[in-house]
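Student:
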Amino acid sequence: MESMSRSLMMRLAFIALSVVISCTFAQPKLDFLSDEYIEQLNSKNLPWKAGRNFERDTSLYNIQRLVSVATINPPSEIETLYHEDNGEELPEEFDARKHWSKCESIKEIRDQSGCGSCWAVSSASVMSDRICIHSDQKNQARISAADILECCVLCKVVVGSCDGGVPFFPFIEWKFLGFVSGGEYNSTNGCMSYPFPRCSPSCKERYDSPKCNKKCDKGSKLKYEEDKHYGKRAYMIVSKDERQIQLEILKNGPVVTVYRVYSDFIHYKSGVYTREDHSYLLGSHSVKIIGWGTDNGTYPYWLVSNSWNDRWGDQGLFKIMRGKNECGIENFIIAGLPQ
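Letter by letter, the sequence shown follows residues -26 to -1, 1 to 313 in mature numbering (1 follows the signal peptide of the UniProt record, and there is no 0).
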């Protein structure tokens, strides 16, 4: 890690001192996994429908582990990008899956399994999307979420494991040290596949992060040090600026975001999510925004890809209110560009 300055590491270590893991929640008045709670949500005048995604006996600990992003101030090493805005008319609807239809990674719904790795999975997904987009849709390499989870040095400054992490750091490390390729569990494509089987949303297992051994999977013909893929920029988009977020997605591809997850959200099935007033905080989550639109001409939304399998929500996707910073969805928009 000779190329990484000592001052950078010291600043990141200082940042770690200010970390607050968003896992504190209020005492519920009604069991949020009960049928009664779901029925109560559907009895209210919400622009979305609730239904059962998680099994009734899923533990609170397992659910909170899925939403264990640490909340910190952005490090100075990640720049803030502002797009020159000439007032161009933006499309009313945009879906990255259709716009870059040859990029298969954009269409994939990841499964973080029984591990608090949403920060790594969403980062790897966006990096993969952008490698394809910026190669004129020719390079279909998948960045390994396992390599980020297991071997990202900067990520370890703030947890960086199955117990949570921060999506700023993978993009910074992508620029300096790079990551190898790798697909989902048992994938034979790439160097390092994801170590845990698909089981979301109701995973029973609680996995610990594997140790970093800097080796490709047994049977792979690739060599770890020779398979590195690098970024050339790591940045954030101006906070709470809806139009800047749209311009970034339109020009460069899907982005990572972090938002607060409440007890009602886990039951999302369709429509445009807005928080029910009496729901309570479970934690913070990292996901991938792939587009936007307006539902029934009334509710503007972000189209978002989750990492809880395609059995959750609307085939693994959800829509959330756009332009209102719903649950902080527009606070931290993170991305980067490949070399």
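Heads up, the beta-carbon is just placed ideally off N, CA and C, and yes, glycines get one too. From a predicted model like this one, the values you see are computed outputs, not experimental measurements.
1. If I follow the unbroken beta strand (DSSP E) through F170, where does it start and stop?
2. Just verifying my parser: in three-state terms, what is the DSSP assignment at W286?
3. Could you tell me the alpha carbon to alpha carbon distance between K185 and T231, rounded to whole angstroms?
4. Since G287 and K243 are thought to touch, with beta carbons under 8 Å apart, how far apart are those beta carbons, to the nearest angstrom?
5. Apart from the five residues on each side of it in sequence, which residues of its chain come closer than 8 Å, Cβ to Cβ, to D284?
6. Looking at C-alpha atoms only, which residue of P21, N16, S91 and F142 is the closest neighbour of N280?
7. If you count every other CB in all the chains shown that lies within 10 Å of the CB of Q218, and 16 or more means buried, which is it?
8. DSSP three-state label for P312, please.
9. To the nearest angstrom, how far is it from the Cα of N303 to the Cα of R234?
10. At the level of alpha carbons, what is the spacing between S253 and E66?
11. Who are the near neighbours of A(-11) in its chain, counting only those whose CB is closer than 7 Å to its CB and skipping five residues on each side?
12. Measuring only the C-alpha atoms, how far is G88 from D31?
13. Use the C-beta contact count for E63: other C-beta atoms within 10 angstroms, 16 or more gives buried, fewer gives exposed.
14. Taking the beta carbon of G164 as the centre, do at least 16 other beta carbons fall within 10 Å, making it buried, or is it exposed?
15. Quick one: grab the DSSP three-state call for D269.
16. Which of helix, strand or coil does DSSP assign to G88?
Tutor: Let me spell this out:
1. Neither: F170 is in no beta strand (DSSP E) and is coded neither H nor E.
2. Of the three classes helix, strand and coil, the one that applies to W286 here is coil, per DSSP.
3. Rounded to the nearest whole angstrom, the CA to CA distance from K185 to T231 is 27 Å.
4. Yes, they are in contact, since the Cβ atoms of G287 and K243 sit about 6 Å apart, within 8 Å.
5. Cβ neighbours of D284 beyond the five flanking positions: I83 and G290.
6. Ranking the options by Cα distance to N280, first place goes to S91.
7. Q218 counts as buried, since no fewer than 16 other beta carbons sit within 10 angstroms of its beta carbon.
8. Here P312 sits in strand by DSSP.
9. For clarity, residue 303 is Ile in the given sequence; the question names Asn instead. A straight-line Cα-Cα distance of about 8 Å links I303 and R234.
10. Roughly 31 Å between the two C-alpha positions.
11. Caution applies to A(-11), whose pLDDT of 45 falls short of 50 and renders its modelled position unreliable; the value that the coordinates give is listed next. Cβ contact annotation for A(-11) (same chain, cutoff 7 Å, sequence separation greater than five): V131 and V132, in chain order.
12. Distance between G88 and D31, taken at the CA atoms: about 15 Å.
13. It is exposed - the Cβ of E63 has fewer than 16 other Cβ atoms within 10 Å.
14. When all chains shown are included, G164 counts as buried.
15. Assignment of D269 by DSSP, reduced to helix, strand and coil, places it in the strand class.
16. DSSP, read as helix, strand or coil, puts G88 in coil.
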